[in-house]
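Engineer: Take the sequence shown: its letter number 408 is residue 407 in numbering that gives the first Met the number 0, and every next letter is one higher.
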Amino acid sequence: MDHFIIQGGHQLHGEIAISGAKNSGLKLMVAALLTDGPLILSNVPDIADIRTMRSLLTGLGLDVHEVDGPHHLSLGGRANSVEAPYDIVAQMRASILVLGPLLARAGEARVSLPGGCAIGTRPVDLHLKGFEALGAEIDLEGGYINARAPAGGLRGARIMLPFPSVGATENILMAATLAKGTTEIVNAAREPEIADLVGCLNAMGAKIHGETSGTIVIEGVERLHGAEYAVMPDRIECGTYACAVGITGGDLLLEGGRMGDQEAVIQALQEAGVSVQEDARGLRVQCNGRLQGIDLTTEPYPGFPTDMQAQFMAMLSVAEGASMMTETIFENRFMHVPELNRMGARINIQGRSAIIRGVPRLSGAPVMATDLRASFSLILAALVAEGETEVSRIYHLDRGYEGVDRKLSACGAAIQRVHNTH
Ligand code: EPZ
């Protein structure tokens, strides 16, 4: 397992190209199951989760190949299997999203229950209730979800989500594109990745609108066709590198970053003392090194995103004064706290909130990544800590961030990836 060695104390100056969004690209790939294609995707991030999704879709019978390199994929052909096996679903929860397209296209699906993960139990009850509303029969047996559409195919319905679940919205949305009649998803998630998926599906011939309103309307069509589509830039990667400027001071141009996708994050950065300006090529982020503590609560979009919680906590650990971070989306997303405290942070967890008392400095130490976003919070702390930090288990990081050591080294960070043979 690889680890990083980081020497703290270097300001960041220069440019970072933001990659395509993991949490959109994965879903756009799954959309290929809804047609014989080909679906040509550009700006795909070169990360482990995308490679896992390629093997899942290939296992289902799709032809997935690189057009020119890993950022440009062609997906075509028709699934000849409807089973998503446990070993892949357990690796990557987003695999559950093949359920909707398989139900819509093949009339059945057998997908392993994803099980929990480090940050929470991650149930899929809202996905399954949505499919039942569309007429599907669902039964759970031996750790698998067996789903079957009615003989005449799925039928449009009005579906009210008790919580604006991103995954449930996406799964139901994809299934509804080929259902008979119209489907309304009320209290739908409004994350920008949903709009990206809708843009791709409409380019494939779907008839969907309302994706930013909270009520998505899908008129079912007979079939979808192939298309070419570019994955949106990764707003979470962009916000993460903005926190790197905040914690180390300095000046970065985040190429491809977009103001419109992350207003709550930009507002929080500015309140904390980080300047964010729109630039012709992306976002210009600067900080003079003095940060102020702020209070934040994670919420569904357009609120402050849970995927930025760990990164902000690292940055606020060296701010003037205290901050409070409240996590309302996942029940166990504070695992970076003990590791940050080992580096000298002063963070106390009180239920779903954490009190962060700013400290003048952090100290390098050996720390361990526990999940994707937590792993980057440790890197952020290491970039400003005195001395050397070793971050182990960075396979968590490689799932969702492309070329972190390359991108940071190019801007002045002292970071080195060490390949462990064992
Ligand atoms: C997506 O997960 C993202 N993953 C997550 O990013 C992100 O944190 C999350 O949305 C919220 O924005 C991908 O897009 C691959 P949810 P998802 O369904 O779809 C509960 C990252 O770091 N819930 O909106 O699983 C659930 O337990 C990852 O990139 C149910 O109760 O998120 C959680 O508490 C982490 N029943 C809350 O809703 C359900 O059927 C949010 O889940 C579904 C969800």
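We put the beta carbon where it would ideally sit given N, CA and C, even for glycine.
In this text, all values refer to a predicted model and were calculated from it rather than measured experimentally.
Can you give, in chain order, each stretch of the alpha helix (DSSP H) that sits fully within the segment 44-118 and has at least 4 residues?
Structural biologist: Listed in chain order, the complete alpha helix (DSSP H) runs (minimum 4 residues) inside the segment 44-118 are 47-58, 85-90, 98-105.
Engineer: Taking a contact to mean a Cβ-Cβ separation below 8 Å, would you say LEU177 touches VAL220 in this structure?
Structural biologist: yes
Engineer: Are there three or more Cβ pairs, one per stretch, closer than 8 Å when the segment 303-316 is compared with the segment 363-380?
Structural biologist: yes
Engineer: Starting from VAL230, follow the alpha helix (DSSP H) in both directions and report where the run begins and ends.
Structural biologist: Run containing VAL230: none; DSSP gives neither H nor E here.
Engineer: Quick one: which unbroken beta strand (DSSP E) runs of 3-plus residues sit fully inside the segment 304-357? Chain order, please.
Structural biologist: 321-325, 345-349, 352-356
Engineer: Say the cut is 7 Å; is the CB of PRO122 nearer than that to a heavy atom of the ligand EPZ?
Structural biologist: yes
Engineer: Just the Cα atoms here: how many angstroms apart are GLY281 and CYS237?
Structural biologist: 10 Å
Engineer: For the ligand EPZ, I want to know if ASN186 counts as a neighbour, meaning its beta carbon is within less than 7 Å of at least one of the ligand's heavy atoms.
Structural biologist: no
Engineer: Taking 7 Å as the limit between beta carbons, can you name the residues of its chain near GLU326, skipping five residues before and five after?
Structural biologist: Contacts found: THR297, THR305, GLN308, ARG332, PHE333, ARG351.
Engineer: When DSSP labels each residue in this structure, what does ASP278 get in the three-state scheme?
Structural biologist: strand
Engineer: The ligand EPZ heavy atoms versus the CB of HIS70: any closer than 7 Å?
Structural biologist: no
Engineer: List, from N- to C-terminal side, the alpha helix (DSSP H) runs of 4 residues or more that fit wholly inside the segment 155-236.
Structural biologist: The segment 155-236 is shown to contain whole alpha helix (DSSP H) runs of 4 or more residues at 165-175, 191-202, in chain order.
Engineer: Could you please give me the residues that DSSP links to ALA16 through a beta bridge?
Structural biologist: In DSSP, ALA16 forms a bridge with GLU254.
Engineer: Report the rounded CA-to-CA distance for LEU72 versus LEU223, giving the unit in angstroms.
Structural biologist: 19 Å
Engineer: Compute the minimum distance between the beta carbon of LYS406 and the heavy atoms of the ligand EPZ, and state whether it is under 7 Å.
Structural biologist: no
Engineer: Along the chain, where does the alpha helix (DSSP H) that runs through HIS126 open and close?
Structural biologist: 124-132
Engineer: Which whole-angstrom value is the C-beta distance of ASP48 and ARG392, which I expect to be below 8 Å?
Structural biologist: With a Cβ gap of about 16 Å, ASP48 and ARG392 do not count as contacting.
Engineer: Tell me whether LYS206, by its Cβ, gets closer than 7 Å to a heavy atom of the ligand EPZ.
Structural biologist: no
Engineer: Does DSSP put ILE246 in a helix, a strand or coil?
Structural biologist: helix
Engineer: Would you mind working out which of LYS179, GLU169, PRO161, VAL216 sits nearest ASP195, comparing C-alpha positions?
Structural biologist: GLU169
Engineer: Relative to the ligand EPZ, is the shortest distance from any of its heavy atoms to the C-beta of ALA93 smaller than 7 Å?
Structural biologist: Answer for ALA93: yes, Cβ within range of the ligand EPZ.
Engineer: Using three-state DSSP, classify ASN22 as helix, strand or coil.
Structural biologist: helix
Engineer: Going by Cα to Cα distance, which pick from GLN276, GLY272, GLU107, TYR394 is closest to GLU319?
Structural biologist: If we check each option's Cα against that of GLU319, GLY272 comes out closest.
Engineer: Could you tell me the distance, in whole angstroms, from the CA atom of THR388 to the CA atom of GLY357?
Structural biologist: 20 Å
Engineer: Quick check: what's the CA-CA separation for GLY106 versus MET203?
Structural biologist: Rounded to whole angstroms, GLY106 to MET203 spans 20 Å at the Cα level.
Engineer: Applying the criterion that 16 or more other CB atoms from any shown protein chain within 10 Å of the CB defines a buried residue, is ASN22 buried or exposed?
Structural biologist: buried
Engineer: Within the present structure, is the beta-carbon of LEU25 separated from the nearest heavy atom of the ligand EPZ by less than 7 Å?
Structural biologist: yes
Engineer: Kindly list the residues whose CB is nearer than 6 Å to the CB of GLY76, restricted to its own chain and excluding five residues on each side of it in sequence; keep chain order.
Structural biologist: Same-chain partners within the cutoff: LEU61, ASP62.
Engineer: Can we count GLY166 as close to the ligand EPZ, meaning its CB is less than 7 Å from some heavy atom?
Structural biologist: yes
Engineer: List the DSSP bridge partners of MET367.
Structural biologist: SER391
Engineer: Counting beta carbon pairs with one atom in the segment 287-302 and one in the segment 87-104, are three or more of them shorter than 8 Å?
Structural biologist: These segments do not touch.
Engineer: For HIS208, which residues from the same chain have a beta carbon less than 6 Å from its beta carbon, with the 5 sequence-adjacent residues on both sides left out?
Structural biologist: VAL216
Engineer: When burial is assigned at 16 or more other CB atoms within 10 Å of the CB, is GLU401 buried or exposed?
Structural biologist: buried
Engineer: Run through DSSP, which three-state label would ASP1 get?
Structural biologist: coil
Engineer: Is the beta carbon of ALA427 less than 8 Å from the beta carbon of MET52?
Structural biologist: The requested residue 427 is not part of the displayed model; the chain covers only 0 to 421.
Engineer: Verify the contact flag: ASN22, CB atom, against every heavy atom of the ligand EPZ, threshold strictly below 7 Å.
Structural biologist: yes
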